[in-house]
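Participant: The opening position of the sequence shown corresponds to residue -16 in the numbering used here, with each subsequent residue numbered one higher.
Input: one structure, supplied below.
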Amino acid sequence: MGGPKHSDEYDDRFLDCEADLEADILAVLDSAAAAGWKRAEALAAITSLIDNVALGDQAKTETQRKIDEAMQRLRD
C-alpha cells in the first residue's frame, strides 16, 4: 500500500485511498472464494464488518467526549 500522495488534504485523496485498498479487498474476496464462500456472502460479510468497525469508532468517540465532559465538570 502506497499511502496518500501528500500529507495534506487534496482533491483526489479519497479516490487514491480507494485505489490503494482495492487490491487488498479483491485479494480477500479471492481468498474467501478459494475457501468456498460465495462472492456475495463475502461481500456482505465484509460490509457488515466495516459497519461494525465504524460503529465501534463512533462509540469510542462518543465515550471519550462524555469522559472529557465529566472531567471538565469535576474541574469546575
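In this text, a Cβ means the ideal position worked out from N, Cα and C, and glycines have one as well.
As the structure is a prediction and not an experimental result, all values here were calculated from the model.
From what residue to what residue does the alpha helix (DSSP H) around E(-8) run?
Facilitator: Stepping through the sequence shown from its first residue, residue -8 is reached at position 9. Neither: E(-8) is in no alpha helix (DSSP H) and is coded neither H nor E.
Participant: In the DSSP assignment, find the unbroken alpha helix (DSSP H) run with D34 in it and report its ends.
Facilitator: One-based indexing of the sequence shown puts residue 34 at position 51. From DSSP, the alpha helix (DSSP H) with D34 extends over 22 to 58.
Participant: Whole angstroms are fine: how far does the CA of A6 sit from the CA of G19?
Facilitator: Here residue 19 refers to the residue found at position 36 when the sequence shown is read from its first residue. Here residue 6 refers to the residue found at position 23 when the sequence shown is read from its first residue. For G19 and A6, the distance between alpha carbons rounds to 20 Å.
Participant: Whose C-beta lies closer than 6 Å to the C-beta of T30 among residues of the same chain, with five residues either side of it excluded?
Facilitator: Sequence index remark: in the sequence shown, residue 30 carries index 47 (1-based). Closer than 6 Å at the Cβ level, and outside the excluded window around T30, lies no residue.
Participant: Identify whether A18 lies in helix, strand or coil by the three-state DSSP scheme.
Facilitator: Sequence index remark: in the sequence shown, residue 18 carries index 35 (1-based). If DSSP states are grouped into helix, strand and coil, A18 belongs with coil.
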